[in-house]
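Peer 1: Quick one: the structure is below, questions incoming.
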Amino acid sequence: MGRFALFGMVGLLGVAFATTPEAAAAQNNYTLTGVVREAVTGAPMPGAQVVIDGREIGSETGEAGRFTIVTSLPAGTYTVTASFIGRESVSQQVTLGGESTVRLDDFLLRTTALELAEIVVTGSAAPTSRRALGTSVSTVNAQTVNEAPVTTIDQALQGRVAGATIVSNTGTPGGGVSVRLRGTSSITGGAEPLYIVDGVIIDNNGDQQINFGYRSNPSNRLADLDPDDIARIEILKGAAAAALYGSRANNGVVQIFTKRGQLGAPTITASSRFQASDLETSLPFALTPVDLDGAPVQRFNHEDLLFRTGYSQDYNVSVSGGADDTRYFVSANWVDQEGIMIGSGHEKLNLRMNLDQGLGDIFDVSAGANFINSSTDLVINGENGTGGLLTAIVFTPTTVNLAEQNPETGEYVNDAFVFANPLSVVEDWNTGQSVTRFVGSFRARANPFPGLTAEYRLGYDNVDMETELFIPRGATGAPTGSAQSVNRRSSLLNNDIVANYQWGLGDAIVMTTSAGLNHTNEQVQNLNLSASELVPVTENVRGANDSATEGEVEATTLGFFAQQQIGLNDRFFVSGGLRWDASSTFGEDERWQLYPKLSGSWVISEESFFDGLPFADAVNELRLRSALGFAGNQPSLGAAYARFDTYGQTNNAGRLGLVPDPTSGNPDLKPERQREWEAGLDLSLWGERLGFGFTYYDQSIDDLLLSRPFSPSTGFASVLQNVGAMSNWGQEWEVRGVVIDREGFGWASQLIYSRNNNNVDRLDVDPFGAGYTNWVTEGQPIGVHRMPAFERDANGNIVEDDVGPVRAADRQIVGNPWPDYSLSLSNDFRLGGSFTASVLLDGQFGHELWNQTQRIMDIFSAGPLYDQVLRGEVTPEFRSRVQGIWENYLEDASFVKLRSVTLRYDAGNQLASRVGASSLQLELQGHNLLTFTDYSGYDPEVNMFGLNTVARGTDFGVFPNARTFSVGIRLQY
Amino acid sequence: MNAMNRIARALPVLMIGALALTGCDLDLTDPNNPSEDDVLGSIAGVLQVAVGLQAEYGNEQVDPVYVAALVADEVGAGGATFQNIQQADAGDPIEPGTGPSESPWAGMYDVVLVSNVLLEAAPEVGMGEATLSGVLALAETYKAMAFGNLLMTYERIPLDVGGDNTAPEFASRAEGVDEVFSLLASARARIQATPPSSVFEDDVLAPGMDLGQLIDAMTARYAIVFERYPEAGAAAAQVDLTRYSEFRFAAEDPNPIWNLWYNGGNSTQMRPEDRWRLEAEAGDQRVGYWVSEADIDGAVVALDDHAVFDAQAAPIPAFFPDEMRLIRAEVAARNNQLTDALALVNEVRTPCSSPLDEPVACLPALTAGDVPTQQAMLAEILKQRQYELFTLGTAWRDLERFGEPIKYSWMNIPVTECDRNPNAPLELCALN
């Protein structure tokens, strides 16, 4: 009840508004409107920022490049600047007098290599121009996200963000992307960033609920959002930038802004896209048509049974506009996606409404509502032995004909191997997941006089997720059938208040003082129903034996923050801040934690002495920046009660008893703490044709939470304690060039390079493993591959005997699942006024993937090594020896993917008007078109462990990412 | 003034946020599991912990029992899967870190923890004196049994243990043994001074269990095993032999020996060694009570099948009346009172039936001529103990006491204790 009481308070706010607005003498209401266009083609640019300089009051352009700024200002002359990522910013003067609505001239933006005028709002209490930031905040614009031929936002970010390792863990339709910003910052806690949409902290859980070979079906809930709704994304990569988010910020923060309406007649945008996806490669199954004795035998390629060309469609309609003090954006999106593996698919409906309403001269309110309903047909894979599809084919000898049906009963062959026939699984079993989700936001802002704003934000994210496994009566291994349904209901609530006051000391010094507080509450309820001996025919969880269990978790965080920014001559900026926060997860004595930050930025190229330097003519802008900050990380929600000593239920001759839980409570539990320092520079040269950004960062994470085992004489098994330390350090380089920018042809290119190093510095517990091969030990990167390895001599050569290579006595550390560095190259071309094209290459280098898929194929007479035995190339003894040496299946998984190619034709007004539209665009796209790699499995990018913090780098029957071709049309009215 | 006015009007924005925080509670409790404060803060909670203690012991007692049976060659590994147990069959040291080396320690200290919780919390919660007497006596008895079982398996153990003490000091063996008897004596004195209430007897004490009888029987058992003969004889004489106490089980808490012997299906971990059946005195009916003849493949030694504990709810006897007779016989024999000893031995040997579910030997009575010397009498008593108390946990120490060859004297202290407790004596951490 308590958490909803505040909705009532919103009503109270309404009463407050009803009091008569009385304009102050010095202040008038103004509405500024205009259009931002591409300088060369004149095309409208949605997603551009337009800001009144020195006031940090602004707006983003909508679908038709239009913007509306509603504000209350004293009459006078102001500078208004329009900016867009990758474009030179443009300013114009405007004089505000008696007219309350002012139409500005069109802003024409040219391609540029560096952008310092952009306003960033995440991580600083007040909107801040990029030039004043001491950290390298990455931003991604609408165009990049909207136009990527993918269905999830995180996929659209692949290759676009320096310092981010974004991996499509699986090709399962409906998501499955893991994002690490500047490496891994935890061991037992989560390592994925905090996601915020329009001020709402959202759920990104990867809960699989039912074991469908769950570690091979990793998903994440960010996939629910519609990329077409996105206006902008800001990414804070570590503690230095994210300190104001306190104990939730160790892993960085990704804030997503959705589109909002602009003043004017309604703009209707409709788009649709058709896709065809298929499998890019195939596995080396043993198909030599002889048996071990050399006698002829028929062999079957089961891969052909499992994969298909999947067809998908994606429709999107949005309407935006506004009149008087009201602006709106509404959109609807429907996706129907077919996976490349039989039985897999995903359907999603996404509705959104964003409203902005001015209320008199002081207030304005905004509200957003996003409703999502999706259903996903999952396929079982990976470790699940009883229904896995890929699992079945890698475990089945190629002599078995899986497609064979009993002519009498129509049943598929089932007795030749230990698993259920994948074809019967797809036909008869029901393995689905459905999500119903509501994300709502409310914002009230007051601007009582110039310089002061106070803002209240409420965010609410409610996710109802249900996963079902229905195995009908008569299925293999389940003659009476079984059914399971797991419901997860989560709600995240956040309340924020922030007040900013901008003031000056003379003309030279601009001060921005901010203070605020932030409250979050997260609740998760899990309900697990299962039944066996099913009631015939029905598909509900009903049977002679049924059971239900429930689990509930809740966590609350409360934080206060204050920040002071000082700008000197608009060239030198210093900012300091403090966050003081507490979480219910931690013990009372350790609960309140202080996270300070300090940063500086110096646009040195604008200093007078700079002009005298010899290279000054070539330099348009040179900025030096550095920042230091602290942030925290909470344990995963599952450990929300780890501070308590609890008791568990036991039975004695049928009587209920209680005994202490083997995990001892830790009343001194506190957050993991990260200290991050970063320094870098931004440089643009030769008329902003070449831009260059560099950042070095160094993170040290202390008080890592680890499960520390107790001496058994205590009677307890373990306790969660802050006993580890780890570090990440690395560098991020960005080079952006406007190679050609002429009337008929334009070419801009961007290269991003980032390298992260990780080391486990201190581990006050025994080294331990995770997944199949990952190992955590002092002095090594987290999760290094440790496994049965080749015996090697002093020179590192593999020792061999008569049979073949010898296995080392002990497991050895033989590789790292984390890439040494990643590199991406994007190119954008413009041909004439109508054609644009973009090509993105994205690569990761220097990491190893353990190909358990192939090892299993070899062991179960389906793999290439077995094929070599059949062909007489190696002995059976060699095969059995090598299968036991896991290192034999550890492969270099470095890859370069041709991530996306887009060709777009803008038909122009004349052609568009024939269909009654104002603009018409056609798109031809490809995603994951080519993979350059030495990895022998389907896809070097997969990771069966999804969002798992430590376990990584194993491919075991994981659904590979698809190659996708699509054609799309976009109309605007 | 105007500016102040405008600020004042902006206040509601701040106010709603501030009000939102009234719903902010940082002191959340775990809705899934009761906290220690909840449990130990109420009489009902403490009584449920007393039930939990009996469940814990009922379940964990299997570990020291099977390890002793393994070392004394009563049972052997049922298949090659159980490598560490096969090592024991072959007479090799049991690898540190494996189940037989670790689990008796951890299991018995779980029991000690629950006992300590009760001893500390029960007097604080305000329960009636007669109920408190029962709960404390129960906690002392089970703690004594846990220490007793530990001292039958490990040479020295820490006594002063508790949740916060991760580095307890190891006591000398004599101190350890003293602690077992002082706990049992305290329990005995408690229920004599204040007989437990009907609440305790009906709702707390497990059905099938008589606390007074259990205290006496356990005093007798540990006294004989730890060679404190006068105490053993006195305690055994107090036990009412017309009935016995047992640990009962149900589907929710299955018999742990059943779990180990039958729930493993065809790869059952431990089975009786043929040797035991073959070395029995001809006609001893107890053989058929305990085992059934079988041919088991893949084992290091020839094995039979179990014939007891074949159901989830099968009870485990806390002791058999004949164990008390044999204790008294042994005390008499060691005092060279051979006539008394012979009478007691014959009470064990001769019955062919029993109103209780217990093994009966149905063997001919012996005459003084059959066991003419103290040595012969002790050998006979050992034999009787081996067939009466098969796989009940005393065989290993019996072999040692009667001077028979044993594979090794003690289990090493578990690696987990040695690694995490800086006070674990290094010499006890070595391999067996």
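Protein sequence lines correspond, in order, to chains W and C. At position 315 of the first sequence (counting the first as 1) the number is 315 in the numbering used here, and the numbers step up by one without a gap. Position in the second sequence (from 1) plus 1000 gives the number in the numbering used here. By construction, the Cβ of each residue, glycine as well, lies at the ideal position given by its N, Cα and C atoms. A quick note: this is a predicted structure, and the numbers were derived from the prediction, not measured.
1. Could you give the uninterrupted runs of the alpha helix (DSSP H) lying entirely in the region 283-369 of chain W, keeping only those of 4 residues or more?
2. Closest Cβ-Cβ distance between residue 1416 of chain C and chain W: below 8 Å?
3. Assuming residue 189 of chain W contacts residue 635 of chain W under a Cβ cut-off of 8 Å, what Cβ separation, rounded to an integer in Å, is found between them?
4. Would you kindly report the start and end of the unbroken alpha helix (DSSP H) that includes residue 144 of chain W?
5. Rounded to whole angstroms, what's the CA-CA distance from residue 546 of chain W to residue 428 of chain W? Just pull it up for me.
6. Taking Cβ positions only, does residue 1433 of chain C come closer than 8 Å to chain W?
7. Mapping the DSSP letters down to three states, classify residue 1043 of chain C as helix, strand or coil.
8. Would a check of beta-carbon distances place residue 710 of chain W closer than 8 Å to chain C?
9. Using only the alpha-carbon positions, how far apart do residue 161 of chain W and residue 900 of chain W sit?
10. To which residues does DSSP link residue 840 of chain W through a beta bridge?
11. Hey, how far is the Cα of residue 942 of chain W from the Cα of residue 355 of chain W?
12. Report the residues of the region 845-876 of chain W with a CB closer than 8 Å to any CB of chain C, ordered along the chain.
13. Indicate, with yes or no, if the ligand NAD has a heavy atom lying under 7 Å from the CB of residue 1178 of chain C.
14. Please compile the residues from chain W whose C-beta is within a distance smaller than 7 Å of the C-beta of residue 1031 of chain C.
15. For residue 1344 of chain C, which option in C/1237, C/1307, C/1399, C/1401 has the closest C-alpha, if you only look at C-alpha atoms?
16. Name the DSSP beta bridge partners of residue 678 of chain W, please?
17. How would you list, in chain order, the residues of chain C whose beta-carbon sits under 8 Å from the beta-carbon of residue 174 of chain W?
18. I need the boundaries of the alpha helix (DSSP H) containing residue 242 of chain W, first residue and last residue.
19. Counting only beta-carbon separations shorter than 8 Å, does residue 1197 of chain C have a partner in chain W?
20. Strictly below 9 Å CB to CB, what residues from chain C border residue 644 of chain W?
21. Could you tell me whether the Cβ atoms of residue 1271 of chain C and residue 1075 of chain C are closer together than 8 Å?
22. Strictly below 9 Å CB to CB, what residues from chain W border residue 1173 of chain C?
23. Which of the three DSSP states is assigned to residue 941 of chain W in this structure?
24. Go ahead and pull the three-state DSSP assignment for residue 103 of chain W.
25. Name, going along the chain, the residues of the region 638-671 of chain W whose beta-carbon falls closer than 7 Å to a beta-carbon of chain C.
26. Less than 8 Å between the beta carbons of residue 362 of chain W and residue 446 of chain W, yes or no?
27. Using only alpha-carbon positions, find the residue among C/1206, C/1293, C/1341, C/1260 that is nearest to residue 1275 of chain C.
28. Looking at the strands, I want to know which residues DSSP matches up with residue 978 of chain W.
29. Please confirm whether residue 1239 of chain C and residue 1217 of chain C have their CB atoms less than 8 Å apart.
30. Of the choices C/1313, C/1153, C/1127, whose alpha-carbon is the least far from that of residue 1253 of chain C?
31. Just the chain C side, please: which residues come within less than 9 Å of residue 582 of chain W by C-beta, in chain order?
32. With DSSP as the reference, label residue 961 of chain W as helix, strand or coil.
33. Out of curiosity, what's the CA-to-CA distance linking residue 1390 of chain C and residue 1031 of chain C?
34. What span of residues does the alpha helix (DSSP H) with residue 1339 of chain C cover, start to end?
35. Only counting the same chain, and skipping five residues up and downstream in sequence, which positions put a Cβ closer than 6 Å to that of residue 1359 of chain C?
36. Count the other C-beta atoms from every protein chain shown that fall within 10 angstroms of the C-beta of residue 93 of chain W, then say buried if there are 16 or more, exposed otherwise.
Peer 2: If we stick to the structure as given:
1. Under the rule that a run must span 4 or more residues, the alpha helix (DSSP H) segments found entirely inside the region 283-369 of chain W read 303-306.
2. Residue contact with chain W for residue 1416 of chain C: present (Cβ-Cβ distance below 8 Å to some residue of chain W).
3. Indeed they touch by this definition, with Cβ atoms about 5 Å apart.
4. Per DSSP, residue 144 of chain W is one residue of the alpha helix (DSSP H) stretching across 142-147.
5. Each residue's alpha carbon lies about 21 Å from the other.
6. Not covered by the structure: residue 1433 of chain C. The range shown for chain C is 1001 to 1432.
7. The answer is helix: DSSP assigns residue 1043 of chain C an H, G or I state.
8. Interface flag for residue 710 of chain W against chain C is set, since a Cβ pair is found closer than 8 Å.
9. Answer to the nearest angstrom: the Cα atoms are 15 Å apart.
10. According to DSSP, which records beta bridges pairwise, residue 840 of chain W is partnered with W/826, W/900.
11. Rounded to whole angstroms, residue 942 of chain W to residue 355 of chain W spans 40 Å at the Cα level.
12. Residues passing the 8 Å Cβ filter: none.
13. As far as ligands go, the structure on display features none, and thus does not contain the ligand NAD.
14. Within chain W, the residues near residue 1031 of chain C are 552.
15. Answer by Cα proximity: C/1237.
16. Answer is W/627, W/697.
17. Chain-order list of chain C residues neighbouring residue 174 of chain W: empty, with the shortest C-beta distance near 30 Å, by a criterion of under 8 Å.
18. For residue 242 of chain W, the enclosing alpha helix (DSSP H) has its first and last residue at 239-242.
19. For residue 1197 of chain C, not one C-beta of chain W is nearer than 8 Å to its own C-beta.
20. Under the 9 Å cutoff, chain C gives 1029, 1030, 1033, 1035, 1036, 1037.
21. For the 8 Å CB-CB criterion, residue 1271 of chain C and residue 1075 of chain C form a contact.
22. At a beta-carbon threshold of 9 Å, none of the residues of chain W lie near residue 1173 of chain C; the nearest stands roughly 16 Å away.
23. For residue 941 of chain W, the three-state secondary structure derived from DSSP is coil.
24. Of the three classes helix, strand and coil, the one that applies to residue 103 of chain W here is strand, per DSSP.
25. Sequence-ordered contacts of the region 638-671 of chain W with chain C read 641, 644, 645, 646, 647, 648, 650, 651, 652, 653, 654, 655, 656, 657, 658, 659, 660, 661, 664 [C-beta pairs closer than 7 Å].
26. Yes, Cβ-Cβ distance for residue 362 of chain W and residue 446 of chain W is below 8 Å.
27. For residue 1275 of chain C, the nearest C-alpha among the options comes from C/1293.
28. Residue coverage of chain W in this structure runs from 1 to 973, which leaves residue 978 of chain W outside it and unanswerable.
29. Yes; because the gap between Cβ atoms is below 8 Å, this pair is in contact.
30. Out of C/1313, C/1153, C/1127, C/1313 has the C-alpha closest to the C-alpha of residue 1253 of chain C.
31. Residues of chain C passing the Cβ test: 1026.
32. Here residue 961 of chain W carries a coil assignment [DSSP, helix/strand/coil].
33. When rounded, the distance between both Cα atoms is 46 Å.
34. First-last of the alpha helix (DSSP H) with residue 1339 of chain C: 1338-1349.
35. 1286, 1289, listed in sequence order.
36. By the beta-carbon neighbour count (other beta carbons within 10 angstroms, threshold 16), residue 93 of chain W is exposed.
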